[in-house]
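Novice:
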Amino acid sequence: MKRRQFIGANLGVLGMLSAGVVLPISAEEAYPARTVEVINQFGPGGGTDNFIKAIGRPFYKITKRTLVGISVQGGGGVPAAQTFFSRPADGYTMMAIGPEEMINDALGRIDSSLFRPVARIQYDQGLFYALGKGKFKSIQDVITAAKANPEEIKIAVTGAAGFDQVVVGLWNLASGGKITPVPFGSAAESIAAVLGGHVDLLYEEYGPARGMIESGDLRPLVIFTEKRLPVLPAVPTALELGYDVTLGRWRGFALKKADSEAHAKKLYDILAEASKAPEYKAVEEKSALQYRSVLFGPDEFATFLNEQRLLYKKMVKELGYTK
Amino acid sequence: MLDGYISAFEYIFSGPLSILLIVGGTIWGILFGAVPGLTGIVGVALLIPFTFALEPTQGLLLLGSVYVGSTYGGSISAILFNTPGSPEAACTALDGHPMAKQGQAGRALGIALSASAIGGIFGTLALMLLAPPLARVALSFGPAEYFALATLGITAIASIGSGSFLKGILSGLIGIGIATVGADPLTGIGRFTFGNDMFLTGVGFVPAIIGLFALSEVLERFSERGVVGEVIAKTSTKLPSIVELITLKWTLLRSSFIGLVIGILPGVGATTASFIGYSEAVRWSKTPEKFGKGAPEGIAAPESANNSAVGGAMIPLLALGIPGSATTAVMLGGLTIHGIVPGPLLMLQNKELVFSVFVGMMLANLLMIVFGLKAATIFAKVLDVPYALVGSAIAVFCITGVYALNNNMIDIAVMLSFGAFGFFLKKFDVPIAPLIIGMVLGPIAETNLRRALILSDFRLDPIISSPLSASLLILSVVSLMYGFYGQYRRFKRAQMQMKRL
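Top to bottom, those sequences are chains R and E. Quick note: the first sequence uses the numbering used here, first residue 1260, plus one each step. Quick note: the second sequence uses the numbering used here, first residue 227, plus one each step.
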């Protein structure tokens, strides 16, 4: 009996699905008529996956359609992008994009002009930290020491040839005191390496390091934002010190270039509404992402992506990843 | 501390929901562990949205129980079908499946279950009693120490392999070589990708072991024409007697300790723990030639190590806010969304949560014995079906499971090639254990040596002179020589016997 109910339910779902497949032409206003998939390079349960789930709940309430993350992990995001570009441009596959896509573009591994920007939703902020009981009491200590002995100070970063290294590279150029990035496989490993005294400094976003700042294990030295963070009033911005480094990790959605402008517009409207929903706002705040996450629509996001593309091209060259 | 436990017990036993979550989580975990392609990480990640409807403590009780169950579950399919349901069970297949083939499937399952429970309880006790100091000790492991630890594990290859010594070394080197494919872990540059950027992901460990174990087994069985009937009999799980457990006491104790230490270290988890647990069991055994042919130590060692690593991985998560494994990293993401700030103050600010998790994980380990027996019996029913059907089903599961893991077609290609590769390795009598040990530990040694070199400005002496890494490296050299000597002695003995005949 139970099995029959189960089959019945399945048939119902199948019926709905096939209706969705057959009827998308019926009217553009009915779009999205079925599940929208979001390809991303991160694993289940990671920050991006949680982001898709968090915005997926209000997305469902608005559209009665689900937003589902598809993880294609590893390889610096290239396999994820290739999977995305091989999908049809029918408005039902988006990609969650971030700085990694700009870096891959700069490295010539993907062509980011093939993205149709939909919305930038999150804009995170990062800091340099030193061991709470260590020798570096302020960012000035670091700059002085780095100028005296270039490349001797080591900084733990997460990921190979990734966003973190670009920030460190920008800082090195701006401050004139060179510090050496040491890439670790995960944030857990890099934080542990600094706490254990194996590496001098750490680059990490604010959210994951909050608990360590509160307990005094990590000392925040400098923040890469336009304004000081209200929760860290004593931590100077790089900008105040005269170094123009405000780069942060961001998360947004894109369709394929070949997809229609109408789809992008419609998805933006839905995501804009979803990103204002209290349940999404709550998640954003708990992850400490509320400080400068200004929503960008398709046009603003496109302008932002163009700036980012140029910046990362320059940095990747500067860091010696390309000729 | 006592008041913490009292309130934790009150919390858990105050209503049916917490108990239900622990029971449900353990069962869910065993199933996710046992089915290839569904790993513990996926099991935990899928439940995270569900925990939003719960209190944070209840959510963590659920996720912790899933983690406990899934680490055991993989051994069921590893033993019965030579199909490791999750990566941490790969080592269990090495001896578990041969034992099952000798008609002792029930015994193998029983050893795996009791070793898992013993390791799990060991890890949880360490978590309950010593979490903050142990977490601080783990921080003394820097890149140099990780390198030395992985090197020590790799040198065990010298002791493995009863047949040809050369074949063992060759197999280990192939494993280390395969693991270098993909994006360079430090520079991101593609290595051995042959211009195909999809290969930047590297040769996935799960697709590789599913091919090496499960698919090659299917190929082998189908190639033995005529043998259609099932050779595995006596599948009702039999827990080992106290006497048998006592004979395994050193293996269990050593492996549980190794599992705990590796579990605590961030970046390495249950899989590495089971490999080092296994290789140390081989190294310290008086009869290393029996491994790979159904040695009880070969089942007890990886299973107690990987379950002990579960408690170990929770230690830095709860004491410092640093996840000790990939699964605990997913839990951390879930906690953050619940508004809990991970960090060293977690144990002070969320006492009830932390102590409830202690008690919950202990309960999950005890429940695992009950449900583990049941699950093994249910899975064993599959063996009543003719192998023509089971084998085909396993092949299908291999393909769908590997694809479901990462949505990458390359993984299927890797799995199929490793299936064929494993088939030929068996035909030529090349041991598989060194190959997978090389695949798991090779990259850890390589990346950490390079990290350590950057940190020391490319000088070798600071890396080998830190007390911890120096002791581990000296141990590696000693054990390498001991391994070679043991192999030589066995070779001589075999020669003498030949002469006598």
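Note that the Cβ used here is the ideal one computed from N, Cα and C, for glycine as well.
Three or more C-beta pairs under 8 Å: does that hold for the region 370-380 of chain E against the region 674-686 of chain E?
Specialist: The answer is yes - the region 674-686 of chain E touches the region 370-380 of chain E, with three or more Cβ pairs under 8 Å.
Novice: Just the chain R side, please: which residues come within less than 9 Å of residue 493 of chain E by C-beta, in chain order?
Specialist: Numbered from its first residue, the second sequence carries residue 493 of chain E at position 267. Simply 1443, 1444, 1445, 1447, 1448, 1451.
Novice: For residue 427 of chain E, which of E:407, E:648, E:706, E:705 has the nearest alpha-carbon?
Specialist: Looking up residue 427 of chain E in the second sequence gives position 201. That would be E:407, whose Cα lies nearest to the Cα of residue 427 of chain E.
Novice: Please confirm whether residue 531 of chain E has its beta-carbon closer than 8 Å to some beta-carbon of chain R.
Specialist: Residue 531 of chain E sits at position 305 when you count from the first residue of the second sequence. With 8 Å as the cut-off, residue 531 of chain E does not count as an interface residue toward chain R.
Novice: Ends of the beta strand (DSSP E) at residue 1380 of chain R?
Specialist: Against the first sequence, residue 1380 of chain R aligns to sequence position 121. Here the beta strand (DSSP E) through residue 1380 of chain R covers 1374-1382.
Novice: For chain R, check one thing: does any of its Cβ atoms lie closer than 8 Å to the Cβ of residue 632 of chain E?
Specialist: On the second sequence, position 406 is the one that residue 632 of chain E refers to. Yes, its Cβ sits closer than 8 Å to a Cβ of chain R.
Novice: Could you name the residues of chain E that residue 1364 of chain R contacts, counting a contact when the two beta carbons are closer than 7 Å?
Specialist: Position 105 of the first sequence, counted from the start, is the residue given in the question as residue 1364 of chain R. Neighbours of residue 1364 of chain R on chain E: none; closest Cβ ~13 Å, over 7 Å.
Novice: Is the CB-CB distance between residue 1539 of chain R and residue 1313 of chain R below 8 Å?
Specialist: Counted from its first residue, the first sequence places residue 1539 of chain R at position 280. Counted from its first residue, the first sequence places residue 1313 of chain R at position 54. For residue 1539 of chain R and residue 1313 of chain R, yes; Cβs fall inside 8 Å.
Novice: With DSSP as the reference, identify every bridge partner of residue 1515 of chain R, one or two as the case may be.
Specialist: Position 256 of the first sequence, counted from the start, is the residue given in the question as residue 1515 of chain R. BP columns for residue 1515 of chain R point to R:1374.
Novice: Apply the 10 Å Cβ neighbour rule to residue 646 of chain E and answer buried if 16 or more other Cβ atoms are within range, or exposed otherwise.
Specialist: Taking the second sequence and counting its residues from 1, one reaches residue 646 of chain E at position 420. Label assigned to residue 646 of chain E: exposed.
Novice: Given that residue 1306 of chain R touches chain E, what residues does it touch there, using C-beta distances under 8 Å?
Specialist: By 1-based counting over the first sequence, the position of residue 1306 of chain R is 47. Ordered by position in chain E, the residues that pass the 8 Å Cβ test against residue 1306 of chain R are 559.
Novice: Does residue 356 of chain E have its Cβ less than 8 Å from a Cβ in chain R?
Specialist: The residue labelled residue 356 of chain E in the question sits at position 130 within the second sequence. Chain R, which has no Cβ nearer than 8 Å to the Cβ of residue 356 of chain E, makes this no.
Novice: Please compile the residues from chain E whose C-beta is within a distance smaller than 8 Å of the C-beta of residue 1646 of chain R.
Specialist: With chain R represented from 1260 up to 1582, any question about residue 1646 of chain R goes unanswered, as that position is not in the structure.
Novice: Compare the beta carbon distance of residue 530 of chain E and residue 342 of chain E with 8 Å and say whether it is the shorter of the two.
Specialist: Here the question's residue 530 of chain E lines up with position 304 in the second sequence. Here the question's residue 342 of chain E lines up with position 116 in the second sequence. For residue 530 of chain E and residue 342 of chain E, yes; Cβs fall inside 8 Å.
Novice: As an exercise, report each continuous alpha helix (DSSP H) stretch of at least 4 residues that is fully enclosed by the region 602-680 of chain E, in chain order.
Specialist: Counting only runs of 4 or more, we get 613-632, 635-653.
Novice: State the DSSP-derived secondary structure class of residue 1484 of chain R, mapped to helix, strand or coil.
Specialist: As a first step, residue 1484 of chain R is located in the first sequence; it is residue number 225 there, counting from the start. Correct three-state label for residue 1484 of chain R: coil.
Novice: Am I right that residue 300 of chain E and residue 311 of chain E are in contact with their C-beta atoms under 8 Å? What's the rounded C-beta distance?
Specialist: The count along the second sequence starts at 1 and reaches residue 300 of chain E at position 74. The count along the second sequence starts at 1 and reaches residue 311 of chain E at position 85. Contact flag correct, Cβ pair sits at about 4 Å.
Novice: Whose Cβ in chain R lies nearer than 8 Å to the Cβ of residue 571 of chain E?
Specialist: What you label residue 571 of chain E is simply residue 345 of the second sequence in a count that begins at 1. Ordered by position in chain R, the residues that pass the 8 Å Cβ test against residue 571 of chain E are 1470, 1473, 1474.
Novice: Who are the Cβ neighbours of residue 296 of chain E in its own chain at under 6 Å, not counting the five residues just before and after it?
Specialist: By 1-based counting over the second sequence, the position of residue 296 of chain E is 70. 255, 258, 259, 266, 269.
Novice: Confirm, please, whether the CB-CB distance from residue 1485 of chain R to residue 1505 of chain R is below 8 Å.
Specialist: Here residue 1505 of chain R refers to the residue found at position 246 of the first sequence. Here residue 1485 of chain R refers to the residue found at position 226 of the first sequence. Result yes, Cβ atoms of residue 1505 of chain R and residue 1485 of chain R sit closer than 8 Å.
Novice: Provide the residue(s) that pair with residue 1416 of chain R in DSSP beta bridges, ordered along the chain.
Specialist: Taking the first sequence and counting its residues from 1, one reaches residue 1416 of chain R at position 157. Residue 1416 of chain R is bridged to R:1442.
Novice: From residue 1530 of chain R to residue 1311 of chain R, what distance separates their C-alpha atoms?
Specialist: For this step, residue 1530 of chain R is matched to residue 271 along the first sequence. For this step, residue 1311 of chain R is matched to residue 52 along the first sequence. Approximately 11 Å, taken between the alpha carbons.
Novice: By the criterion of Cβ-Cβ separation under 7 Å, what are the contact partners of residue 1337 of chain R in chain E?
Specialist: The residue given as residue 1337 of chain R occupies position 78 in the first sequence. The contacting residues are 423, 426.
Novice: How big is the Cα-Cα spacing for residue 563 of chain E and residue 291 of chain E?
Specialist: Counting from one through the second sequence, the residue named residue 563 of chain E turns up at place 337. Counting from one through the second sequence, the residue named residue 291 of chain E turns up at place 65. So the alpha carbons of these two residues sit roughly 20 Å apart.
Novice: Hey, does residue 1317 of chain R have any beta-carbon neighbour from chain E nearer than 8 Å?
Specialist: In the first sequence, counting from the first residue as 1, residue 1317 of chain R sits at position 58. No - not a single Cβ of chain E is within 8 Å of the one on residue 1317 of chain R.
Novice: Would you mind telling me which residues of chain R sit closer than 7 Å to residue 568 of chain E, beta carbon to beta carbon, in chain order?
Specialist: On the second sequence, residue 568 of chain E is found 342 positions in, with the first residue counted as 1. Within 7 Å Cβ-Cβ: 1470.
Novice: Measuring CA to CA, which of R:1301, R:1322, R:1304, R:1305 is closest to residue 1528 of chain R?
Specialist: Position 269 of the first sequence holds residue 1528 of chain R. The option with the nearest alpha carbon to residue 1528 of chain R is R:1322.
Novice: Looking only at its own chain, which residues have a Cβ that is under 6 Å from the Cβ of residue 1265 of chain R, when we skip the five neighbours before and after it?
Specialist: Position 6 of the first sequence, counted from the first residue, corresponds to residue 1265 of chain R. Note on residue 1265 of chain R: pLDDT 43, under 50, position unreliable in the model; the coordinate value appears next. If we look at residue 1265 of chain R and ignore the five residues flanking it on each side, it has no Cβ neighbours.
Novice: In chain order, which continuous runs of the alpha helix (DSSP H) of length 4 or greater are located wholly inside the region 1339-1365 of chain R?
Specialist: Counting only runs of 4 or more, we get 1358-1365.
Novice: Indicate the three-state DSSP secondary structure (helix, strand or coil) for residue 413 of chain E in the structure shown.
Specialist: Counted from its first residue, the second sequence places residue 413 of chain E at position 187. Reduced to three states, the DSSP call for residue 413 of chain E is coil.
Novice: Taking only beta carbons into account, state which residues of the region 576-610 of chain E come closer than 7 Å to chain R, listed in chain order.
Specialist: Taking 7 Å as the Cβ-Cβ cut-off against chain R, none of the residues of the region 576-610 of chain E qualify.
Novice: Nearest chain E C-beta to residue 1284 of chain R closer than 8 Å, yes or no?
Specialist: Numbered from its first residue, the first sequence carries residue 1284 of chain R at position 25. With a pLDDT of 47 at residue 1284 of chain R, under the threshold of 50, the modelled position of that residue is not reliable, and the figure given next carries that caveat. Output row for residue 1284 of chain R: interface = no.
Novice: Cβ closer than 8 Å: which chain R residues qualify as neighbours of residue 563 of chain E?
Specialist: Here residue 563 of chain E corresponds to residue number 337 of the second sequence, with the count starting at 1. 1309, 1313, 1542, 1545, 1546, listed in chain order.
Novice: Which whole-angstrom value is the C-beta distance of residue 525 of chain E and residue 318 of chain E, which I expect to be below 8 Å?
Specialist: Against the second sequence, residue 525 of chain E aligns to sequence position 299. Against the second sequence, residue 318 of chain E aligns to sequence position 92. Going by Cβ atoms, the distance from residue 525 of chain E to residue 318 of chain E rounds to 6 Å, so yes, they are a contact pair.
Novice: Would you say residue 493 of chain E and residue 349 of chain E are within 8 Å of each other, going by their C-beta atoms?
Specialist: The count along the second sequence starts at 1 and reaches residue 493 of chain E at position 267. The count along the second sequence starts at 1 and reaches residue 349 of chain E at position 123. Taking 8 Å as the Cβ cut-off, residue 493 of chain E and residue 349 of chain E do not qualify as a contacting pair.
Novice: With H, G and I counted as helix, E and B as strand and the rest as coil, what does DSSP make of residue 1303 of chain R?
Specialist: Here residue 1303 of chain R refers to the residue found at position 44 of the first sequence. Three-state result, residue 1303 of chain R: coil.
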